[in-house]
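Visitor: After the structure tokens below, expect a handful of questions from me.
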Amino acid sequence: MIEKGKSVLLFLLVVVSLVQSYFLAYSTPYMEAKVKTDLDYVKTEPLGTEEDVKNLIFPEQLVIHLGNDKHTVFYPSTKTYYELILDKLIIREFKGMQRDTVNSVDWDQIRRENQGVELRFGRAVPFDLLQRVFKIDRDFLFFGDSIDRIWIYKTKGNDEVRTFFFSSDGRFVYESQRADLTVGDVEGYVGFGQYWDPYYTIDGNLYIPEKPITKLLAMEVAFDRYTTEQMQDNLFFDPGSTRTIQDSKSGPKFYTDGRGSGLKIEQDGSWLSYTDSVAPVGGDNDLVDNVMAAVSFVNQHGGWNGKHQFVKETNTETGCAVIRFQQYYEEVPIVSGGGMNFGFMQLTMQQGGVSSYNRSLVVLGDKTTNKSLKQLPGGDELRKIIQNKDSGGREIEALFPALRPTMKKDTVVLSPVWAVRLADGEVNIIADSGPVIANK
Numbered sequence: 007m008i009e010k011g012k013s014v015l016l017f018l019l020v021v022v023s024l025v026q027s028y029f030l031a032y033s034t035p036y037m038e039a040k041v042k043t044d045l046d047y048v049k050t051e052p053l054g055t056e057e058d059v060k061n062l063i064f065p066e067q068l069v070i071h072l073g074n075d076k077h078t079v080f081y082p083s084t085k086t087y088y089e090l091i092l093d094k095l096i097i098r099e100f101k102g103m104q105r106d107t108v109n110s111v112d113w114d115q116i117r118r119e120n121q122g123v124e125l126r127f128g129r130a131v132p133f134d135l136l137q138r139v140f141k142i143d144r145d146f147l148f149f150g151d152s153i154d155r156i157w158i159y160k161t162k163g164n165d166e167v168r169t170f171f172f173s174s175d176g177r178f179v180y181e182s183q184r185a186d187l188t189v190g191d192v193e194g195y196v197g198f199g200q201y202w203d204p205y206y207t208i209d210g211n212l213y214i215p216e217k218p219i220t221k222l223l224a225m226e227v228a229f230d231r232y233t234t235e236q237m238q239d240n241l242f243f244d245p246g247s248t249r250t251i252q253d254s255k256s257g258p259k260f261y262t263d264g265r266g267s268g269l270k271i272e273q274d275g276s277w278l279s280y281t282d283s284v285a286p287v288g289g290d291n292d293l294v295d296n297v298m299a300a301v302s303f304v305n306q307h308g309g310w311n312g313k314h315q316f317v318k319e320t321n322t323e324t325g326c327a328v329i330r331f332q333q334y335y336e337e338v339p340i341v342s343g344g345g346m347n348f349g350f351m352q353l354t355m356q357q358g359g360v361s362s363y364n365r366s367l368v369v370l371g372d373k374t375t376n377k378s379l380k381q382l383p384g385g386d387e388l389r390k391i392i393q394n395k396d397s398g399g400r401e402i403e404a405l406f407p408a409l410r411p412t413m414k415k416d417t418v419v420l421s422p423v424w425a426v427r428l429a430d431g432e433v434n435i436i437a438d439s440g441p442v443i444a445n446k
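Using the working numbering, read the sequence shown as starting at 7 and increasing by one per residue.
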């Protein structure tokens, strides 16, 4: 009898064990914490779009060398030709890199006599970032260098194509000895420039249109804007603990959270400055790591309010790295002046962490009104303007058309201007546009 009872008990234990095993294997566990944590209420509201770093790196201008010392320039706003050339180049392969000194080639002679195209980035782009846009061979010793130009040309006489990447320190060039390019490719790029506005250069750096430019529009654009509450939710660790330090109807508004991070809203709610008091301090700053971290931070905290371009990286005396992204509208960069902040994002990075974040809260719409064709000066008039520009002893590295914003109540007026970029990355407006004057 006792043995029979033991057998029944053993059977029941086996059944219970099988039932428990079944529920453990096939049931959905209840994972919600009984005690709420600080992270339970941190919900980031998606605002702007996310972006991939490869879309933030593109040439500031394409200089087309036509031969016989004739040239033209395509900007991103020269949409059709610019995109046709760039789309063809990003699918080509650049292999067999060999380094040489920049003086190994007479570039002035190449510029005058040989047909080709220069891709000018206007800032140091590490090979590691450039490789995300172009198919560049990684298997060479100096892949850690940075590039500010790519020059592809057809040699005169033997119809050979040569491709050079220019080191941003001005000392070296890297030749791709196995570039996937043909003479027909180069002739096609040059062919796009045959009937475009002629440009000339004196020093090989600045290219000036021989005549006034009449292909840019002034326009008025309606806009929305991110609210202070939206940005607090996106940036503060605990939005519920926000304190207002100052709340003036006429001046900036300051906010802080429980960790000591600060938020300043100014320019009538159109500009944000954020500081993080617990960002890492000191240590080495790797440019690639900082750019990638900056892009990731914007993706997670506000998103991108339109097309942007990586345009600047500088190291401060404190060891921080300042990363800037320039906003474009209809493929033209927006450049503000007169102390107004508009049209860019700027982040201060420390070891991949963000210690400050500055951006526009304005979101420009797609529809434009009150459009009018404008004329920008060219030729001798523009050359004299450039010569008279007080750049504080800094070299002028680039000239390009831009849009100057003017805020109205419900719209932003965007007006064409000429802008220059100085050697330290500063961008200044040097000439406004006017009404189109018919050729006599």
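Think of the CB as a built atom: it goes at the ideal place given N, C-alpha and C, for glycine as much as any other residue.
Using the beta-carbon count (16 or more within 10 Å), is Ala444 buried or exposed?
Guide: Ala444 is exposed by the Cβ-count criterion.
Visitor: Who pairs with Glu272 in a beta bridge, going by DSSP?
Guide: Trp277
Visitor: By the 10 Å Cβ neighbour count, where 16 or more other Cβ atoms means buried, how is Asn313 classified, buried or exposed?
Guide: The question names Asn, but residue 313 is Lys in the sequence shown. Lys313 should be labelled buried.
Visitor: Could you check where the beta strand (DSSP E) with Ala437 kicks off and where it finishes?
Guide: Val433 to Asp438
Visitor: List in chain order: all unbroken beta strand (DSSP E) runs of 3+ residues lying wholly within the segment 204–232.
Guide: 205–207, 213–215 and 219–231
Visitor: For the beta strand (DSSP E) containing Glu89, name the first residue and the last one.
Guide: Premise fails: Glu89 lies in the alpha helix (DSSP H), Lys85 to Leu95, not in any beta strand (DSSP E).
Visitor: So Phe171 and Ile153 are supposed to be a Cβ contact under 8 Å. How far apart are they, rounded?
Guide: 5 Å
Visitor: Could you tell me if Asp191 is buried or exposed, where buried requires 16 or more neighbouring beta carbons within 10 angstroms of its beta carbon?
Guide: buried
Visitor: With distances taken from CA atoms, which of Ser173, Glu66 and Phe80 is nearest Leu72?
Guide: Phe80
Visitor: Trp424 lies in the beta strand (DSSP E); which residues open and close that run?
Guide: Its beta strand (DSSP E) spans residues Thr417 to Leu428.
Visitor: Looking at the structure shown, is Ile402 part of a helix, part of a strand, or coil, going by DSSP?
Guide: strand
Visitor: If we ignore side chains and look at the alpha-carbon of each, how far apart do Asp295 and Asp430 end up?
Guide: 22 Å
Visitor: For the structure I just gave you, are there three or more beta carbon pairs, one from the segment 265–272 and one from the segment 312–329, closer than 8 Å?
Guide: The segment 265–272 vs the segment 312–329: no contact.
Visitor: Can you tell me which of the three DSSP states Lys160 falls into?
Guide: Lys160 sits in a strand when the DSSP states are folded into three classes.
Visitor: Alpha carbon to alpha carbon, how far is Glu119 from Phe140?
Guide: 27 Å
Visitor: Could you give the residue range of the alpha helix (DSSP H) that holds Tyr195?
Guide: Residue range Val189 to Phe198 is occupied by the alpha helix (DSSP H) that includes Tyr195.
Visitor: With three or more C-beta pairs closer than 8 Å as the rule, is the segment 78–97 touching the segment 330–345?
Guide: yes
Visitor: Using 10 angstroms around the beta-carbon of Val41, count the other beta-carbons present and answer buried if the total reaches 16, otherwise exposed.
Guide: Annotation note: pLDDT 32 at Val41 (below 50); position unreliable, no value reported.
Visitor: Have a look at Arg365, Leu367, Ile436 and Ser378 and flag the residue whose alpha-carbon is nearest the alpha-carbon of Ser397.
Guide: Ile436
Visitor: Check whether the segment 323–332 touches the segment 268–281, taking contact to mean three or more Cβ pairs, one atom from each stretch, closer than 8 Å.
Guide: no
Visitor: Quickly, what does DSSP pair Gly359 with across the bridge? List them, please.
Guide: Gln356
Visitor: Name the two residues that bound the continuous alpha helix (DSSP H) containing Ser302.
Guide: Leu293 to Gln306
Visitor: Looking at the secondary structure, which residues open and close the alpha helix (DSSP H) in which Leu388 lies?
Guide: Gly385 to Gln393
Visitor: When burial is assigned at 16 or more other CB atoms within 10 Å of the CB, is Asn376 buried or exposed?
Guide: exposed
Visitor: Between which residues of its own chain and Pro132 is the CB-CB distance below 6 Å, once the five residues before and five after are set aside?
Guide: Counting only residues of its own chain and dropping the five nearest sequence neighbours on each side, Pro132 has a CB closer than 6 Å to the CB of Ser152, Leu293 and Val294.
Visitor: Run through DSSP, which three-state label would Pro441 get?
Guide: strand
Visitor: Which residue comes first and which comes last in the alpha helix (DSSP H) that contains Leu136?
Guide: Residue range Phe133 to Leu136 is occupied by the alpha helix (DSSP H) that includes Leu136.
Visitor: Below 8 Å on the Cβ atoms is my contact criterion, and I expect Ala185 with Arg98 to pass it. Report the Cβ-Cβ distance as a whole number of Å.
Guide: 7 Å
Visitor: Who does Pro411 pair with in a DSSP beta bridge?
Guide: Leu420
Visitor: Can you give me the C-alpha to C-alpha distance between Gly345 and Glu193, rounded to a whole angstrom?
Guide: 45 Å
Visitor: Measure how close the beta-carbons of Glu124 and Arg105 come, nearest whole angstrom, since I'm counting them as under 8 Å.
Guide: The pair is not a contact, with the Cβ atoms about 19 Å apart (cut-off 8 Å).
Visitor: Please report how far the alpha carbon of Tyr201 lies from the alpha carbon of Asp114, in whole angstroms.
Guide: 23 Å
Visitor: So Asn4 is in the alpha helix (DSSP H); what residue range does that whole segment cover?
Guide: There is no way to answer for residue 4, as the model of the chain reaches only from 7 to 446.
Visitor: Can you say whether Glu66 is buried or exposed, counting buried as having 16 or more other CB atoms within 10 angstroms of its CB?
Guide: buried
Visitor: Spatial neighbours of Pro218 within its chain, please: CB distance less than 7 Å, with the 5 preceding and 5 following residues excluded, ordered by chain position.
Guide: Gln381, Leu382, Pro383 and Gly384.
Visitor: Which residue comes first and which comes last in the alpha helix (DSSP H) that contains Arg118?
Guide: Trp113 to Glu119
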